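Accompanying notes for the structure given below.
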Amino acid sequence: MTRTQRTGAQPTPQRATDEDGVRLPRLRFKDVVVRGAVQGIAAVALLFVGTLFVADHHDRETFLAVVAGFSMILAGMGIVVGVWFWTACSGDIRRLRYWHTITSQSESATIVAPVFVRAGVLALVLFPAALGLYHLVDNAAYDSWLYGS
0 MTRTQRTGAQ PTPQRATDED GVRLPRLRFK DVVVRGAVQG IAAVALLFVG
50 TLFVADHHDR ETFLAVVAGF SMILAGMGIV VGVWFWTACS GDIRRLRYWH
100 TITSQSESAT IVAPVFVRAG VLALVLFPAA LGLYHLVDNA AYDSWLYGS
């Protein structure tokens, strides 16, 4: 196989950065929410697979109820706190990799805001899935693989 190498005639494109070295454009709320939802869908698949490893029926129901409860609490807290930090930062939202660019304690909210929003949206997607899976296991026939042992 042959491959073409750059000869240096065209410079590699550089990403735009501000005076702190933070990549522009800043994080957008919509992009953070979409990424959290996609990660939430992956968490639902992981929850389904993890549920199959809990063999006893009662333990399986308890596991799903606990996951649903914790994800409900995390969704509420994560979204409320994240949106509050997001509005307090007034548009200066940074990625987690730019932790070294903050210079004061109050600037840490610029990095924490998208983390809370993403975790809250992930949990918001996980909550109804865990609750629905709980009801599926609860209503499963006694001799089915979903019921457990």
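Residues in the sequence shown are numbered consecutively from 0, following numbering that gives the first Met the number 0.
Glycine included, every Cβ here is placed at the ideal spot set by N, Cα and C.
Being a predicted model, the structure only gives us computed values, none of them experimental.
Separation of residue j from residue i, as counted between CA atoms
i	j	result
S105	D17	19 Å
A42	A122	9 Å
A139	Y133	10 Å
L135	L145	8 Å
P113	R14	21 Å
L130	G20	44 Å
G68	A74	10 Å
Residue i - DSSP class collapsed to helix/strand/coil
i	result
R117	helix
L145	coil
T100	helix
S89	coil
F69	helix
F47	helix
Residue i, buried or exposed, once every other Cβ within 10 Å from all chains shown has been counted against 16
i	result
T50	buried
I72	exposed
G39	buried
Short CB-CB distance (under 8 Å) between residue i and chain C
i	result
N138	Any reference to chain C falls outside this structure, which holds one protein chain only.
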